[in-house]
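In what follows, a single structure is set out as structure tokens and then discussed.
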Amino acid sequence: MSVRTRLILAFLVLSVLPLTAVTLYSYGSSVGAFRAAVASESGRMALDLQQRLDTVTQDLGRQVGRDLLFHLRHHFAHVDLDARR
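Written out as structure tokens, the structure reads:
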């Protein structure tokens, strides 16, 4: 084996392989951290959306209740007037 071949092999073993290992380890760690961040943010967003939907549902329920009472009062007021005639 020539000196040139030995130097190339030494370069690969001493620099490229460790750099590859560190890169793969860093990539794996980053993917794990990213997934944890996405899961946390997704949970927070889902909770926020649920709270907003609850607020909208309550507001709609109150509005429908008021409208229903208004229409019932209006209807029965006319029924009472018609019954008195």
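When we follow this note's numbering, the leftmost residue of the sequence shown carries the number 7, and every step to the right adds one.
Ideal Cβ placement from N, Cα and C applies to all residues, glycine included.
Quick caveat: nothing in here was measured; it's all calculated off a predicted structure.
Range covered by the alpha helix (DSSP H) that runs through residue i
i	result
Val-19	Counting along the chain, Val-19 falls outside any alpha helix (DSSP H), and DSSP gives it neither H nor E.
Through-space distance from residue j to residue i, alpha-carbon basis
i	j	result
Val-62	Met-51	16 Å
Leu-25	Glu-47	32 Å
Tyr-31	Leu-15	23 Å
Asp-73	Gly-67	10 Å
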